[in-house]
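Every letter in the sequence shown is one number past the one before it in the numbering used here, and letter 88, counting from 1, is 74.
Every residue gets a Cβ at the ideal spot worked out from N, C-alpha and C, and that includes glycine.
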Amino acid sequence: MTTRQAEASEPQDDAAGSSRRRRLLVIGSLYLVANIGYSFFFLTLGTILLGRGVSLGTVALVNLLGGIYFGRFLIAPVVDWFGLARFGHYRGWLVLTQLALIASLVAIAPLDPVRQLAALLALMALVLMLSVFHDTALNGLAVRLLPPVEHGMANGIQVASASASMLIGSGGALLLYAHAGWTATLLALAAVFAIPLAVLARLTEPPGQRPGTHVAPWRELVGFFRRPRMAMWALLVIPVFSISEWLATAPQSAMLLAADWPMDRIALVQSLGTTIQVIAAVGTGAAITRYGRWRPTLAIGVLGIAAVAGLLPLATGNGSPIPTAMAVVAVSIVYGAKLTCVSTVSMHLARQSSAATDYTVPMAIEGICVTVVSSAGLSLAGAVGFPWLVGAAVAIAVIGAAVGPTWIRRHASSG
């Protein structure tokens, strides 16, 4: 290359690097609100209601409304089909749902959560439904916005931002509620949505294909499972690869309490684990970008076996502070890393013409598996005991460490 050619290529490299950074910044800011509605409903609202004297049975019934969120894969074909081309197909969905979410949260703010519980639940159901459309459209935009070479790093940032949004909607909201009250908390959550809204105002969505006009939206969903590779990935590989950590930690708080851990230490270690999980997600994304998909997946699978096995002493009642804390944090790291792998491969397999469906379905199945396994794990722990439950999780981790990387190497191994 001549000196003149080298000098000419430098502005192009700078422009490419700037565009890449801008795309990653967009992904990070948009996913910062991805789980706020869901986490506030499931992790914060129940605590607030219990603290205000609402019965446990009523709170349990309230949580049934959360099933709305898990149906997001059912409406993904609708999001793929219908949109406002003038504003950008998925961008239009995001702008409209974010404005509606802000309005809904502001409407909830003056309500008394106990005396006006019925009105609160009606509005929270609306928030969850809007979150379903919002998060599904966000998945579609991410697929359309990102070139394949950026999938690894972008999904690491996506998982990190989504984890941060969980903290905002759960621990952050609960802490603010304790110091500033209900109204201030809801208004603060509404204000957070202004961040991605400002980003969307300056974003131009790349053009993309729409599903064939001869195919009804629901047929897109059926068609997803008729593709053998996608069905195998969503229904077999993801559950086997992902659930071991959640099965092992389903009774984690109970195991820690049984080992005489104080509440403040439990909270500290769990918060530390979530914080490091964010860093692990970004690190995993960088590793996928550099080494491809299957090698990091194999390393994470092996680490998952060790992390879950590290909980066996705690399961038998040995809660030594340092080893136990290391095991709890390690499991959090592995989950963040595995979720990054799963989301990266899911994005790689998604088609431009049905981006929201192809990306949302496997991620929704992962979320459903996590919820079912977490609930079932508590019941199983009571029936068979902590050691047998964690032992079963170790066995599943071993199977997952074999199945996940092997499938990815055969079907989605390139970086």
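Quiz item: Under the rule that 16 or more other beta-carbon atoms within 10 Å means buried, what is residue 21, buried or exposed?
Solution: Indexing the sequence shown from 1 puts residue 21 at position 35. Residue 21 comes out buried.
**Request:** Report back the beta-carbon spacing between residue 319 and residue 263 to the nearest angstrom; my notes put them in contact at under 8 Å.
**Result:** The residue labelled residue 319 in the question sits at position 333 within the sequence shown. The residue labelled residue 263 in the question sits at position 277 within the sequence shown. So it is a contact: roughly 6 Å between Cβ atoms.
If you drop the 5 nearest sequence neighbours on each side, which residues of the same chain put their C-beta closer than 6 Å to that of residue 28?
By one-based count along the sequence shown, residue 28 stands at place 42. Cβ neighbours of residue 28 beyond the five flanking positions: 52.
Subject >> Cβ neighbour criterion (16 or more within 10 Å) applied to residue 211 >> reply: As a position in the sequence shown, residue 211 is number 225, starting the count at 1. Under this definition residue 211 is an exposed residue.
| message | Taking its Cβ as the centre, do 16 or more other Cβ atoms sit within 10 Å of residue 49, making it buried, or is it exposed? | response | By one-based count along the sequence shown, residue 49 stands at place 63. Exposed.
- prompt: Where do the N-terminal and C-terminal ends of the alpha helix (DSSP H) with residue 114 fall, by residue?
  reply: Your numbering for residue 114 matches position 128 in the sequence shown. Taken as a continuous stretch (DSSP letters only), the alpha helix (DSSP H) holding residue 114 covers 103 to 131.
Query raised in the report: Any heavy atom of the ligand GDP closer than 7 Å to the CB of residue 160?
Result: As far as ligands go, the structure on display features none, and thus does not contain the ligand GDP.
Margin query: Within a Cβ cutoff of 8 Å, which residues of the same chain sit near residue 15, ignoring the five residues on either side of it in sequence?
Written below: What you label residue 15 is simply residue 29 of the sequence shown in a count that begins at 1. Contacts found: 147, 181, 182, 185.
What does the alpha-carbon distance come out to for the pair residue 279 and residue 394?
Along the sequence shown, one-based indexing puts residue 279 at 293. Along the sequence shown, one-based indexing puts residue 394 at 408. In a straight line, the C-alpha of residue 279 is about 7 Å away from that of residue 394.
Where does residue 191 sit, in a helix, a strand or coil, going by DSSP?
The count along the sequence shown starts at 1 and reaches residue 191 at position 205. Here residue 191 sits in coil by DSSP.
inquiry  = Does residue 227 pass the burial test, meaning 16 or more other C-beta atoms within 10 Å, or should it be called exposed?
reply    = For this step, residue 227 is matched to residue 241 along the sequence shown. Buried is the call here.
- [ ] Note down the Cα distance separating residue 135 from residue 37, rounded to an integer number of angstroms.
- [x] The residue labelled residue 135 in the question sits at position 149 within the sequence shown. The residue labelled residue 37 in the question sits at position 51 within the sequence shown. Annotation: residue 135 to residue 37 spans about 48 Å, alpha carbon to alpha carbon.
Looking at C-alpha atoms only, which residue of 283, 12, 260 is the closest neighbour of residue 328?
Indexing the sequence shown from 1 puts residue 328 at position 342. Comparing Cα positions, the closest option is 283.
| query | Can you find at least 3 beta carbon pairs, one from the region 149 to 166 and one from the region 68 to 85, that sit closer than 8 Å? | reply | The answer is no - the region 68 to 85 does not touch the region 149 to 166, with fewer than three Cβ pairs under 8 Å.
Notebook entry, point to check: What residue from 57, 31, 54 has the CA that sits closest to residue 45's CA?
Noted result: Along the sequence shown, read from residue 1 onward, the residue named residue 45 stands at position 59. Comparing Cα positions, the closest option is 31.
ask   = CB residue 346 to CB residue 137, shorter than 8 Å?
value = What you label residue 346 is simply residue 360 of the sequence shown in a count that begins at 1. What you label residue 137 is simply residue 151 of the sequence shown in a count that begins at 1. Result no, Cβ atoms of residue 346 and residue 137 do not sit closer than 8 Å.
### Task
Select from 149, 221, 252 the residue whose C-alpha is nearest the C-alpha of residue 242.
In the sequence shown, the residue the question calls residue 242 occupies position 256. Comparing Cα positions, the closest option is 252.
* To do: Could you spell out where the alpha helix (DSSP H) holding residue 222 opens and where it closes?
  => The residue you call residue 222 lines up with position 236 of the sequence shown. From DSSP, residue 222 is part of no alpha helix (DSSP H); its letter is neither H nor E.
Problem - With 16 other Cβ atoms within 10 Å as the buried cut-off, status of residue 246 - result: For the purposes of this step, residue 246 is taken as residue 260 along the sequence shown, with counting starting at 1. Exposed.
Margin query: Quick test of your reading: residue 66 and residue 206, contact by CB under 8 Å. State the CB separation rounded to the nearest angstrom.
Written below: Counting from one through the sequence shown, the residue named residue 66 turns up at place 80. Counting from one through the sequence shown, the residue named residue 206 turns up at place 220. At roughly 6 Å, the Cβ-Cβ gap stays under 8 Å, so residue 66 and residue 206 are in contact.
| message | So, under 8 Å CB-CB, residue 96 and residue 169 are touching, yes? Tell me the CB distance rounded to an integer number of Å. | response | For the purposes of this step, residue 96 is identified with residue 110 of the sequence shown, where counting begins at 1. For the purposes of this step, residue 169 is identified with residue 183 of the sequence shown, where counting begins at 1. Going by Cβ atoms, the distance from residue 96 to residue 169 rounds to 6 Å, so yes, they are a contact pair.
### Task
May I have the straight-line CA-CA distance separating residue -2 from residue 7, to the nearest angstrom?
For the purposes of this step, residue -2 is identified with residue 12 of the sequence shown, where counting begins at 1. For the purposes of this step, residue 7 is identified with residue 21 of the sequence shown, where counting begins at 1. The predicted model places residue -2 with a pLDDT of 49, which falls under 50 and marks its position as unreliable, so this point remains unresolved.
Going by the CB atoms, is the gap between residue 287 and residue 387 shorter than 8 Å? Within the sequence shown, residue 387 is the residue found at index 401, counting from 1. Within the sequence shown, residue 287 is the residue found at index 301, counting from 1. Going by C-beta atoms, residue 387 is nearer than 8 Å to residue 287.
So residue 219 and residue 359 are supposed to be a Cβ contact under 8 Å. How far apart are they, rounded?
Indexing the sequence shown from 1 puts residue 219 at position 233. Indexing the sequence shown from 1 puts residue 359 at position 373. Contact doesn't hold; Cβ gap of about 18 Å is too wide.
Closer than 6 Å by C-beta to residue 176: which residues in its own chain qualify, once you throw out the five before and the five after it? Chain order, please.
In the sequence shown, counting from the first residue as 1, residue 176 sits at position 190. Correct list, in chain order: 88, 91, 92.
field: Cβ distance (whole Å) where residue 356 is taken to contact residue 238 below 8 Å
entry: On the sequence shown, position 370 is the one that residue 356 refers to. On the sequence shown, position 252 is the one that residue 238 refers to. Incorrect: roughly 14 Å between the Cβ atoms, too far for contact.
field: Neighbourhood of residue 249 by C-beta, 6 Å cutoff - its chain only, sequence neighbours within 5 removed
entry: Position 263 of the sequence shown, counted from the start, is the residue given in the question as residue 249. For residue 249, where only same-chain residues beyond five positions count, there are no Cβ hits under 6 Å.
Q.
Is it buried or exposed, residue 365, if we count other Cβ atoms within 10 angstroms and call 16 or more buried?
A. Walking along the sequence shown from the start, residue 365 turns up at place 379. By the neighbour-count rule (16 or more Cβ atoms within 10 Å), residue 365 is not buried but exposed.
Original post:
Alpha carbon to alpha carbon, how far is residue 86 from residue 300?
Top reply: Along the sequence shown, read from residue 1 onward, the residue named residue 86 stands at position 100. Along the sequence shown, read from residue 1 onward, the residue named residue 300 stands at position 314. Taking the straight line joining both Cα atoms gives about 46 Å.
Under 8 Å, do residue 234 and residue 370 count as touching if we go by C-beta distance?
One-based indexing of the sequence shown puts residue 234 at position 248. One-based indexing of the sequence shown puts residue 370 at position 384. No, Cβ-Cβ distance for residue 234 and residue 370 is not below 8 Å.
- Query: residue 341 and residue 126: beta carbons closer than 8 Å?
  - Reply: Position 355 of the sequence shown, counting from 1, holds the residue named residue 341. Position 140 of the sequence shown, counting from 1, holds the residue named residue 126. Yes, Cβ-Cβ distance for residue 341 and residue 126 is below 8 Å.
Check: Given a threshold of 16 other Cβ atoms within 10 Å of its Cβ, counted over all protein chains shown, does residue 71 qualify as buried or as exposed?
Finding: For the purposes of this step, residue 71 is identified with residue 85 of the sequence shown, where counting begins at 1. It is exposed - the Cβ of residue 71 has fewer than 16 other Cβ atoms within 10 Å.
Using the Cβ count rule (16 or more neighbours within 10 Å means buried), how would you classify residue 59? Within the sequence shown, numbered from 1, the residue matching residue 59 stands at position 73. The residue in question, residue 59, is buried, as its Cβ has 16 or more Cβ neighbours within 10 Å.
- Leaving out five residues on either side along the sequence, give the residues of the same chain with a beta carbon under 7 Å from the beta carbon of residue 260. If you number the sequence shown from 1, residue 260 lands on position 274. Closer than 7 Å at the Cβ level, and outside the excluded window around residue 260, lie 149, 153, 318.
Residue range of the alpha helix (DSSP H) that includes residue 338 | Residue mapping note: residue 338 aligns to position 352 of the sequence shown, counting from 1. No alpha helix (DSSP H) holds residue 338; DSSP gives it neither H nor E.
> If residue 128 and residue 230 are in contact, beta carbons under 8 Å, what's the gap, nearest whole angstrom?
Replying inline: Within the sequence shown, the letter at position 142 stands for residue 128. Within the sequence shown, the letter at position 244 stands for residue 230. Wrong, their Cβ atoms sit about 27 Å apart, outside the cutoff.
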